[in-house]
Amino acid sequence: MPKSLVIVESPAKAKTIGKFLGKNYKVSASMGHVRDLPKSQLGVNIKEGFKPKYITIRGKGSIINRLKNEARKADNILLATDPDREGEAISWHLAYLLGLDENKECRIVFREITKNAVVKAIEEPRKIDKDLVNAQQARRILDRLVGYKISPLLWKKVKKGLSAGRVQSVAVRLICDREKEILDYVPQEYWSLTAELEERKYKKTFEAKLFKIKNDKAEIKNKEEMDEILHRLVGSNFVVAKVVRGQRKKNPSPPFTTSSLQQEASRKLGFTAKKTMLIAQQLYEGLDIKGEGSVGLVTYIRTDSTRVSETAVEEANEYIRKKYGEEFALGKRKSVKDNKSKMNVQDAHEAIRPTAIIREPDSIKGSLTKDQYKLYKLIWERFVASQMKEALYDTVSVDIYPCGYNCGPKNGQSIIKDYLFRATGSNIKFPGFMLVYIEGEDEDKEEEGQIPELNEGEVLDLKQLKPKQHFTQPPPRYTESMLVKALEEKGIGRPSTYAPIIDTIQQRGYVEKENNRFKPTELGIIVVDILKEYFPDIIDIDFTADLEDKLDKIEEGKVKWDEVLTEFFKSFKVKLDNAEKELETIEIQEEVTDEVCEFCGRNMVVKHGRYGKFLACPGFPDCKNTRPFVEEIGVECPECKGDIVLRRTKKGRKFYGCSNYPECNFVSWEEPVKEKCPECGGLLVKRTTKTKGSVLKCINKECNYEKILSSQ
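Quick note: to get our numbering, add 737 to the position in the sequence shown (first position is 1).
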């Protein structure tokens, strides 16, 4: 009979840990949370110091009974839930249900599921950290107060089924504010001028851009100003005024935090934040690896720290020396400062890294799913690169002036110093960390051109001048990676909350994705406007960030959790009462379509769901008929001459198909346009590329026609 019972959250984690421990240990799973506030009521006694009313989560009774039976048979009980606030709270609830003494050292913590880490944790049990528990409890009660007090108001005044989350509402506000910026934006015209030049000896061409006009930054506002410059440069050649050669270092990015992992997985792998965290949890808890059994592949995946243990650094350096050579090994890197100026580094975690550097991604590929392999490879490569030497570039910058046609040192022709052109270039001298990994943002940057060998005083021939008109662009809508970055920078939420925030605001129909970027729905805009007017604190970015800081201080034992709640609720109650009296009923008119419900004859209306628009019968709940929302785009199907319509997959991804489906199977992930291919008459689609920006491309595989619409 086992002497010790170890309780974790998941069966996968239990399986991995169980492999490390002998027959004297039984490892069992609680299947996540076991107690929570009731769904049917507020569950918080405000008058008694915000005392929470916890109940057993529905469906968990049999699990709790099993754990109680196992606990009665064990001499010792160890609670090994995740090493953060939420994990501490789960342990606290388990201790209550199992009747454990709060002063008993029954809590063990490890940040990677390896044998050494688990065995060491078992040797160093501690008491449950009530400060961590109280920080989580305060967050839960704050969210409950906001959600259960404001949501009924929205039900009554706007629309049944609406809800307002404390942190989620601020995320929706960011998206709404960005949309307003875009709508209010007035584009400004400007021009750029590029000179294509040729050196005379080897006839090599390169480009230089107009950099300064009369010692000021080159700013050309309209065609008239550009025409004046072009007129002055007619018949000119160019002369090299200065050549500056140098070197530039590029440092690797630090290993992943939760936020940076979500951002990079979005950029490089196309994963949503929710998908990234789901797969990362699997890598952390343990997977069956051929020849090893169940193994935890990465360290704890909810962290805002870039710190790495000395042991991991030493192992990485030894691996790099053997794999890539001594010249690539860094030795001891200066520690990267964590973002303590804005927020507390959660529980002094390490960065996300592989638990064993020698476990190369390709060596275990056969034991992983396709997505698990991709994410593990990303984490592994980022960590290895972070411990390698910086890349080294040879750089050159050439200043060039226009001059008379026969200009040069011998004939003394004057140089037109009103216009300074500059050409820059770089070559990789030593790849360093880039041998292993390049960050997603850097992959999208255009490579600098090659500059031929040039000397001061050298005369260059002008091949052509390339004037180009531009218009300033509004800030772009948020992608998932951009939104995660914004939430982190503004101190909204914490590592464990980014994915749930993004998932929730889509489920509630407050935002939708268009071309993989977030756009607020009409409903989202209305709710944000109401919150701005009647609950400015709840929707205020700085106020929300300040509350996060106070939760951190509760965790650190610097303030009391009930005092934070008292301070918050005092002003919140006044605003809530005011809104009840002054907020008028807002009627959201549903968009009625010509589509008729085949069951009851009513005209279908447009609804907004998690994955965008859909058609629904207005007779709900008597009639629950729904249909996909299709939108004609005014383009003819190239195969059957039917109409091409915009559709969505079950997961909300847009695609374009023929309205005559299933008789016609034409489909395209890229948006077709009315314009026909001038070379073959085929269908053109819009495509976005990393190097050329937005282009029109012919879908005919035998035709290479391409038209650039806007450069990156």
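Where is the CB? At the ideal position from N, CA and C, for every residue including glycine.
Which whole-angstrom value is the C-beta distance of residue i and residue j, which I expect to be below 8 Å?
i       : j       : result
Glu1486 : Leu1197 : The requested residue 1486 is not part of the displayed model; the chain covers only 738 to 1449.
Gln1201 : Glu933  : 5 Å
Thr931  : Lys941  : Between Lys941 and Thr931 the Cβ distance is about 17 Å, and since that is not below 8 Å, they are no contact.
Leu891  : Ala901  : 6 Å
Phe1208 : Gln984  : Not a contact, Cβ separation roughly 37 Å.
Val1422 : Val1404 : Contact doesn't hold; Cβ gap of about 12 Å is too wide.
Glu1292 : Ala832  : About 19 Å separates the two Cβ atoms, so there is no contact after all.
Ala695  : Ile1242 : Nothing in the structure corresponds to residue 695, since the chain is present only between 738 and 1449.
Gly1169 : Glu1118 : No, Gly1169 and Glu1118 are not in contact; Cβ-Cβ is about 14 Å, not under 8 Å.
Glu1412 : Leu1446 : Contact flag wrong, Cβ pair sits at about 11 Å.
Ala1236 : Gln1018 : That belief does not hold up - the Cβ atoms of Ala1236 and Gln1018 are roughly 10 Å apart, past 8 Å.
Within the continuous beta strand (DSSP E) that includes residue i, where are the two ends?
i       : result
Gln1201 : Val1196 to Phe1208
Phe975  : Asn974 to Lys987
Phe1392 : Lys1391 to Cys1395
Val1133 : Ala1128 to Cys1140
Pro859  : Sequence inspection shows Ile at residue 859; the Pro mentioned does not correspond to that position. It is not in any beta strand (DSSP E) - Ile859 instead sits in the alpha helix (DSSP H) that spans Lys852 to Glu860.
Looking only at its own chain, which residues have a Cβ that is under 6 Å from the Cβ of residue i, when we skip the five neighbours before and after it?
i       : result
Glu1195 : Val977
Gly1149 : The predicted model places Gly1149 with a pLDDT of 47, which falls under 50 and marks its position as unreliable; any figure quoted below should be read in that light. Result list for Gly1149: empty, nothing under 6 Å.
Thr818  : Glu746, Gly824, Ile827 and Ser828
Ile982  : Reading the sequence as shown, one finds Arg at residue 982 and not Ile. Counting only Cβ-Cβ distances below 6 Å, and skipping sequence neighbours, we find Val1133.
Gln1206 : Trp928
Asn988  : Glu1127
Val1329 : Asn1340 and Val1342
Asn1437 : Cys1417 and Gly1419
Going by alpha carbons, who is nearest to residue i out of the options?
i       : options                               : result
Leu1067 : Val781, Met1125 and Leu1015           : Met1125
Lys797  : Asp812, Ser1046 and Glu746            : Glu746
Lys788  : Arg1384, Leu1302, Asn1441 and Phe1351 : Leu1302
Asn974  : Pro889, Arg1385 and Leu1199           : Leu1199
Asp838  : Ala854, Lys857 and Ile814             : Ile814
Ala908  : Lys1203, Asp953, Ile1262 and Lys1005  : Ile1262
Glu1190 : Arg903, Phe943 and Leu1313            : Phe943
Thr793  : Met768, Glu785 and Leu816             : Met768
Trp1192 : Arg903, Asp812, Arg937 and Asn782     : Per the sequence shown, residue 1192 should be read as Asn rather than Trp. Among Arg903, Asp812, Arg937 and Asn782, the Cα nearest to that of Asn1192 is on Arg937.
Ile1175 : Asp1099, Phe1120 and Cys1435          : Phe1120
Asn761  : Lys740, Pro775, His770 and Lys1060    : Lys740
Gln1244 : His830, Gln778, Arg822 and Gly898     : Gly898
Asp1029 : Ile1101, Asp1240 and Ala858           : The residue you asked about is not Asp; residue 1029 is Glu in the sequence shown. Ranking Ile1101, Asp1240 and Ala858 by Cα distance to Glu1029 puts Ile1101 first.
Val883  : Asn1362, Ser996 and Lys1307           : Lys1307
Hey, quick one: how far does the alpha helix (DSSP H) through residue i stretch, first residue to last?
i       : result
Arg915  : Arg903 to Asp921
Val1050 : Glu1047 to Tyr1061
Tyr1451 : Given that the chain is displayed from residue 738 to residue 1449, the structure contains no residue 1451 and the question cannot be resolved.
Thr995  : Thr995 to Glu1001
Ile1110 : Per the sequence shown, the amino acid found at residue 1110 is Tyr instead of Ile. Note, Tyr1110: alpha helix (DSSP H), Lys1107 to Ser1123.
Leu1006 : That residue, Leu1006, is in no alpha helix (DSSP H); it is neither H nor E in DSSP.
The ligand MN and residue i: does any heavy atom of the ligand fall closer than 7 Å to the residue's C-beta?
i      : result
Val771 : The ligand MN is absent from the structure shown, which contains no ligand whatsoever.
According to DSSP, simplified to helix, strand and coil, what is residue i?
i       : result
Ser1405 : strand
Pro1091 : strand
Leu1157 : strand
Val1082 : The predicted model places Val1082 with a pLDDT of 41, which falls under 50 and marks its position as unreliable; any figure quoted below should be read in that light. Three-state result, Val1082: coil.
Met963  : helix
Met768  : coil
Ala808  : helix
Ser1072 : Unreliable positioning characterises Ser1072 in this predicted model, as indicated by a pLDDT of 48, which lies under 50. The coordinate reading is nonetheless provided below. Ser1072 falls in the coil class under three-state DSSP.
Leu758  : coil
Phe1357 : coil
Glu1332 : strand
Phe1167 : strand
Lys1222 : helix
By Cβ distance, which residues of its chain are closer than 7 Å to residue i, with the 5 residues on each side in sequence left out?
i       : result
Val1073 : Below a pLDDT of 50, predicted positions are generally treated as unreliable, and Val1073, at 48, falls in that range; the measurement from the model is reported next regardless. Only Pro991 and Thr1043 meet the Cβ criterion.
Gly1023 : Ala749, Lys750, Lys752, Thr753, Ile850, Ser1031, Val1032 and Gly1033
Lys1154 : Tyr1138
Glu1052 : Ile1094
Gly1379 : Cys1395, Ser1396, Asn1397 and Cys1401
Gly1103 : Lys1027
Lys1111 : Leu1006
Gly786  : Asp1299
Identify, in the order they occur along the chain, each residue of the same chain with its Cβ nearer than 8 Å to the Cβ of residue i, setting aside the five sequence neighbours on each side.
i       : result
Tyr1215 : Leu911, Ile912, Arg915, Ala1223, Arg1254 and Phe1255
Gly1062 : none
Thr994  : Thr1040, Asp1041, Ser1042, Thr1043, Ala1088, Ile1089 and Pro1232
Ile1152 : Val976, Ala978, Tyr1138, Pro1139, Cys1140 and Cys1144
Ser765  : Leu742, Val743, Ile744, Val745, Ala751, Arg803, Leu804 and Glu807
Val861  : The sequence given here places Glu at residue 861; Val does not occur at that position. These residues qualify, in order along the chain: Ile845.
Lys1077 : Reliability fails at Lys1077, whose pLDDT of 40 lies under 50, so the model's placement of it is uncertain and the value that follows must be treated cautiously. Here the set comprises nothing.
Val1296 : Lys1287 and Lys1290
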